[in-house]
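Peer 1: Protein chains in written order, with the numbering used here: chain H, 1 to 197; chain A, 1001 to 1370; chain L, 2001 to 2235; chain F, 3001 to 3436.
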Amino acid sequence: MSWVAIILTFALVDNVILSRLLGVEAAAFAPGGMRAAAGVGGFIAVLMAVSAVGGWAVDSQVLMPLGFTLLRTPVFVFFVAGLAFALRAICVRFLPSVLQAAGVSIPEIAVNTAALGLVLITTRGEYTALESLVAGLAAGAGYFFVTAMMMAISERLEVEPVPRALKGFPLQLITAGLIAYAFMAFDRAFLARVLGG
Amino acid sequence: MPDARDRAGRAASSLMPAPHIGVRTSAARMTWLVSLCLLPAAGWGVFLFGTPALIVLAFSIGTAVLAELASTLPFGRFTLRDGSALLTGCIVGLLMPAGAPAYVPAAASAFAILVVKQSFGGLGRNWMNPAMGGVVFAFLSWSGPMSQWIAPRGGTVQGAVVPPLEALRAALAAPGARGTTPLAVLSNAGFRFSDLDSRVLGWINSHVLAPLGTALPPGAFDVLVGHVAGGIGTVSAPLLLLGAWFLLSRGIIRWHLPVFYVGTFGLLAAIFGGLGTGQGWLAGGPGFHLLSGSLVLGAFFAAPDPVTSPLTNRGRCMIGIVLGVLTFFLRFFGSLGDGVAASIVLGNCAAPLVDRWTFRRRTGHQEGTA
Amino acid sequence: MTSGKALWNSILSENPLALLFLGLCPAIAVSVRVIDALWMSAGVILVLVLSGLAMALLSGESAGAEAVFAPGGAESATARGSLAAGWMRALLITSFLTASFEAGLLALAPTASAALGIYAPLIAVNCLVRGRGMSGFPHSSPGGSMAAALGRGIGFAGSLVLIALVREALGAGTITLFPVGGFGGTIGIPILVEQPVRALGFAGGGLLCLGYLAGAARLISPHAAASSASGRAAE
Amino acid sequence: MTYPTKLPRGGVDPPAEILVPRGSGITNAAVPSRALIPLLQHAGKTALCLVKPGDRVREGMLIGKADGSRSANVHASIPGIVIEVRDHLLPTGELCAAVAIELGGEFDTSGKPRSRREWESLSRLDLLDRIRGGGVVGLGGGSIPTHLKLAVSPGSSSSLLVANGVECEPSLCADDALLREKASDMMEGLRICQALLTPARTVIALGEHSEDLVPEFERLVRQKAMKVDVAVLPSRYPYGHEQLVLAALGCRPPGSESSATVLNVATLYAVFEAVVLDKPLFERVLTITGSAVRHPRNLKVRFGTSIGDLLEECGGLGSEAAKIVMGGPMRGVSIDSLDLPVTKGTSGIIAFGGPAALKKTELPCIRCGSCIEACPWDLVPTRLSKLVRVGEAATADREGLSRCTECGCCAYACPSRIPLVAVLREGKRALRGSDA
């Protein structure tokens, strides 16, 4: 796959949230308004990029040579969680405002499905290190962008008299569903035509 | 010490609050007028495609109205008076091919009203244009029935009935498409326009344009007038533009979004449209792309829907540009119809973000000077 | 921000229904066919029940695992250390149980394993599974703990299979089950199979179904509606 | 003549409903047989009552003494006998002490030629004393005692003095009428203020409606040898607002505490009367108009005259008037009693008849953005109102709620007829409540 193909695939066509349904829970439930959501989204996006590269390293340099492929799940879970804590330490040091704004405890983000899912996708797809990095960055960007859209919409809905039963989380899911339909315009045929033409 | 404002507030709570005058137009009247302005184009579609078109429209509008009733009456509200359900049903129907089986417009309208609109609380609360959401839903679900075109009255049927735009896309997808303009590509690919077209163009070319040394290519009349297969209400660009002109002149829709949308798309089509036919840059024939497909209907009737477009004119311009770019890509590379409905729906997703951004600019500007 | 944090915590630790729907989020990716949903449910129930058993057996310090997520958790460094240990242990148990489930599935039903794809390993970090570890159960006995885990697992399975039924029946016009004898495993629904509502089979359809199911669940369970409404209002 | 350098944004342009024929001038209203004079006609505290029932008062006699710095003196508008002093409801919905005077006795001043006093020789303090003693308050709407605006500490000088002749509300044209009839006296008032403030620059701001007066004013400026610019501002509402006038004149925008002073032309005329004619403020010019009024006109009305009398004087209400508003159509207060008296703050009386008087049903917000375009203060009224309605007044405050001046442009422009001003006002009250 070309770089453009990887970027378009992970950012648009196979968007982590809209197509893979990974990280929906964090996107749909992140509380505390737009700034917090941007904080969570950004954190997870960076975590995804780092995890994708790290996942490649762990998988191809450690697990595969040792033949421990069955241990992928626990190893990746702890690897991603470890990275999340390391990333948090960096944030606390250099960007304290991001985490304060996020308002979500780090154990929640540490084991989110988006980062782990991405690591599983890239390792199963046997991507190279650089491809994993590009995929991670593209997926992170796609995740952040979609999260931002969802949060802007939910911020708008928060002041509207929406039906009681659907207020909050259900409407976030319905919103995500409608966004997912809209993004169906970027399908594989679209990708093929763009790359071909 | 009681504040003067407090005193005024108390008085206002018992009597009518200021201001005591207001603009004449009302939100409901604006919606009804938009529906009214779609009427000429709808009439043309019904004239061209006959009873099937009428059935599609009846099902789309009927379902939209019934769905609106079913989702509001149980809660003691009656909202048909605001005209938005009818408008939604109308646009859904007008975007459908006349040959679509009745369940397609019905399902699209039901999805539009129940899921896209009423889930969020009804008019004004939905962030996605209901009609466009419903149409995208139909495209995703029933791509086959959504391309059951009917030949226009007096048109030439040769094999499958296909609108010129779809034929062009098919021709471009096949290797070796050649032609200096979209119409020429169509001619080279063997697309046949109506006899009326050749008669009218023959007359114009020999009597009017011959002395000037130019000639109109075959199909120019059909495409301009809308004497082609296509969505019921989308074929006649002139009648749609007539309605749009009325709405613009009355200030019911604002020019920013449509103008930037059509402008951006036309520019992109002009610059890059010719690449697929080997014509290179700046040979796209934007006129064909602007007139065909549902661009005019989408750009002037669906995209400027105030509920789902940004609140500020700056934001509307931005979304207009985004829509133009999206429609260009989706029309030339996408597979969801001609890309207009899909772009508008994507633009709706981004509108709240744009709003946020422009709001911050407003308040930021103020804080900076204060 | 603090109230937002409190909301998040209350939703996770006090509202089993919300927890259920959070857990369902990634799982609806495998609700396109009923059979996939059944396999997924089996995995979740297995991991839930066995980890419930394991945690109950190690219940000596398991209180720590709950408190990590409690609002305004522990302050002292030692307490935080023990909490982190409890959290790690819970994660360790679930991830190894998930890995075992994956291995078993690969050996017994390779097609199902392929169908579940990356979503089988994701059971390890499923909110429902972890939520069990977080909130703990009132029962400290292994049996009670397992029973409660089973209850949640059945709730999960019921919801997922229901969504899968709707999505497959409407979205594809079929219902895919296990092939038994002459039965090929797929039931076709007469009219729908010709022109199904394909959009429901896409990811967006799954999200919509889940959204409406969550809304319906709120209607049925007034407690959940009240608690989430007040949570929103408080925020 | 100068034209505005930078126009403020927003604002609305209601169709000209000025029913008062231009150039019809100012008519003196009939003297009421009974005047009810509230002792609160200004921004601060209620004035202290100096009379008791049975007292005989003369025209222009002090009957209420200013209580505190933001309070102002109140004078009898007619000669006669005090019948009672009781609490009376103001159009603002508040009770305040009011003096009822039964007409009787002689008019000391009215109808007799007044001697003009030389004021140039007076000291600053004397001048200010006369203005304060005459109970002069801002007649543009704020009702803040004028001497407060003019009392700058000696030595410091104001950078800009503006005589604001831009109508503060659509449909009202009392200021315009005053400019036409009393231009010279108004200019004299401006000279007094110039002497007090010693501004670096003085501008007379006229509305577009009064553009034909520019040559007249330029002539007056030359005649009096004053250093004054004449500027014409658009008559768009609410460009008569003090801060927007300043913005249009190229001053630093709202909020910056520049030392600019804006005085309404009616106020300047009152200053002239108080200083030169020694006549306290007990009457003012106001517009009586509206579709339900038979003969709309500008009347010079003594304070305490009841609205019913005035409407009667204008030919009565043509049809059954459903809504009577004190003030302008944009900011006025709708009232339900014709017994209410005219006070210093009354800039007009409008009687709406027909459909304009009916309450509009509210539709959902369709996010058309009209309110944003109309807002002269760069706010997003639709979002603010929604925030207030879900009880998020604090968030609304962060997004600029406090900058709202309740000018009414947003609600005027709203096609869904959402009472945005009322909602935002409620939000401000909620904020004050939470602060307290």
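Cβ coordinates follow ideal geometry from the N, Cα and C atoms, glycine included.
Quick check: the Cα distance between G117 of chain H and L2122 of chain L, rounded to an integer number of angstroms?
Peer 2: 7 Å
Peer 1: So which residues on chain F does V1023 of chain A lean against when the C-beta distance must stay under 7 Å?
Peer 2: Y3412, A3413, P3415
Peer 1: For G3207 of chain F, count neighbouring C-beta atoms within 10 Å of its own C-beta (all shown protein chains included) and say buried if the count is 16 or more, exposed if not.
Peer 2: buried
Peer 1: Return the chain-ordered list of same chain residues with a C-beta closer than 7 Å to the C-beta of W3 of chain H, the five sequence neighbours on each side being excluded.
Peer 2: Hits under 7 Å: V134.
Peer 1: Fully enclosed by the stretch 2164 to 2224 of chain L, which alpha helix (DSSP H) runs are 4 residues long or longer?
Peer 2: 2203 to 2220
Peer 1: Can you check which of these residues, F:A3430, F:F3352, F:R3367, is closest to G3390 of chain F by C-alpha distance?
Peer 2: Correcting the residue identity first, residue 3390 of chain F is Val in this sequence and not Gly. V3390 of chain F has its Cα closest to that of F:A3430, out of F:A3430, F:F3352, F:R3367.
Peer 1: Out of A:G1274, A:L1311, A:L1239, which one is the CA nearest neighbour of V1296 of chain A?
Peer 2: Selection A:G1274, A:L1311, A:L1239 evaluated against V1296 of chain A yields A:L1239 as nearest (Cα-Cα).
Peer 1: Mind checking which residues open and close the beta strand (DSSP E) that includes H1020 of chain A?
Peer 2: Careful: H1020 of chain A lies outside any beta strand (DSSP E) and carries neither H nor E.
Peer 1: What are the residues in the stretch 3365 to 3393 of chain F lying within 8 Å of chain H by C-beta distance?
Peer 2: R3383, K3386, L3387, R3389, V3390, E3392
Peer 1: Please check the pair L63 of chain H and L71 of chain H, which I expect to be a contact at CB under 8 Å, by giving their CB distance rounded to whole angstroms.
Peer 2: 7 Å
Peer 1: Taking the C-alpha atoms as reference points, what is the distance between D14 of chain H and R20 of chain H?
Peer 2: Whole-angstrom Cα-Cα distance: 7 Å.
Peer 1: Between the C-alpha atoms of L1033 of chain A and G1076 of chain A, what's the straight-line distance to the nearest angstrom?
Peer 2: 26 Å
Peer 1: Span of the beta strand (DSSP E) holding N3028 of chain F?
Peer 2: 3026 to 3028
Peer 1: DSSP three-state call for A1177 of chain A: helix, strand or coil?
Peer 2: coil
Peer 1: Could you tell me which chain D residues have their CB closer than 7 Å to the CB of R2167 of chain L, listed as they occur along the chain?
Peer 2: Absent from the structure is chain D; the protein chains it does hold are H, A, L and F.
Peer 1: Less than 8 Å between the CB atoms is what I'm expecting for V3325 of chain F and I3350 of chain F, so what's the real figure, rounded?
Peer 2: About 5 Å; that satisfies the 8 Å criterion.
Peer 1: Let me confirm a value: A2224 of chain L is counted as buried when at least 16 other C-beta atoms fall within 10 Å, else exposed. Which label applies?
Peer 2: The predicted position of A2224 of chain L is uncertain, since its pLDDT is 49 and thus under 50; a value taken from the coordinates is nonetheless stated next. Flag for A2224 of chain L reads buried.
Peer 1: Can you tell me whether DSSP reads P3254 of chain F as helix, strand or coil?
Peer 2: Note on P3254 of chain F: pLDDT 48, under 50, position unreliable in the model; the coordinate value appears next. Here P3254 of chain F sits in coil by DSSP.
Peer 1: Three-state secondary structure (DSSP) at V1325 of chain A?
Peer 2: helix
Peer 1: Find out if the Cβ-Cβ distance for the pair C1090 of chain A, I1061 of chain A is shorter than 7 Å.
Peer 2: yes
Peer 1: Going along chain F in order, which residues have a C-beta closer than 8 Å to the C-beta of V1307 of chain A?
Peer 2: I3366, R3367
Peer 1: Using a 10 Å radius around the Cβ and a threshold of 16 neighbouring Cβ atoms, would you call V2180 of chain L buried or exposed?
Peer 2: Answer is exposed; the Cβ neighbour count stays below 16.
Peer 1: Just to make sure I have the definition right: I need the residues of chain A whose C-beta is within less than 9 Å of the C-beta of R2198 of chain L. Which are they?
Peer 2: L1140, S1141, W1142, S1143
Peer 1: Pick helix, strand or coil for H1227 of chain A, following the three-state DSSP scheme.
Peer 2: coil
Peer 1: Only counting the same chain, and skipping five residues up and downstream in sequence, which positions put a Cβ closer than 8 Å to that of A1028 of chain A?
Peer 2: R1081, D1082, G1083
Peer 1: Say yes only if the C-beta of L1297 of chain A is nearer than 6 Å to one or more non-hydrogen atoms of the ligand ATP, and no if none qualify.
Peer 2: As presented, the structure is devoid of all ligands, the ligand ATP included, so that no description of it is given.
Peer 1: Can you list, in chain order, the residues of its chain with a C-beta nearer than 7 Å to that of R3219 of chain F? Leave out the 5 residues immediately preceding and following it.
Peer 2: none
Peer 1: With a threshold of 7 Å between beta-carbons, can C1349 of chain A be considered close to chain H, or not?
Peer 2: yes
Peer 1: Taking only the alpha-carbon atoms, compute the straight-line gap between W1245 of chain A and A2114 of chain L and give it to the nearest angstrom.
Peer 2: One C-alpha to the other measures close to 57 Å.
Peer 1: Can you have a look at I2191 of chain L and say buried or exposed, based on whether 16 or more other CB atoms are within 10 angstroms of its CB?
Peer 2: exposed
Peer 1: I want to know whether the stretch 1256 to 1265 of chain A touches the stretch 1313 to 1320 of chain A - three or more CB-CB distances under 8 Å.
Peer 2: Taking 8 Å as the limit for Cβ pairs, the verdict is that the stretch 1313 to 1320 of chain A does touch the stretch 1256 to 1265 of chain A.
Peer 1: Along the alpha helix (DSSP H) that carries H1256 of chain A, what are the first and last residues, could you check?
Peer 2: 1256 to 1272
Peer 1: Identify the contact partners of G3134 of chain F in chain A, using a Cβ-Cβ distance below 8 Å as the criterion.
Peer 2: Under the 8 Å cutoff, chain A gives no residues; its nearest Cβ is about 22 Å from G3134 of chain F.
Peer 1: Residues in its own chain within less than 7 Å of P2142 of chain L by CB, not counting five upstream and five downstream?
Peer 2: L2053, A2056, L2057
Peer 1: Relative to the C-alpha of A1106 of chain A, which residue among A:V1228, A:R1178, A:A1151, A:F1059 is closest?
Peer 2: Distance check between A1106 of chain A and each of A:V1228, A:R1178, A:A1151, A:F1059 places A:F1059 closest, using alpha-carbon atoms only.
Peer 1: Mark T1214 of chain A as exposed unless 16 or more other C-beta atoms lie within 10 angstroms of its C-beta, in which case mark it buried.
Peer 2: Exposed is the call here.
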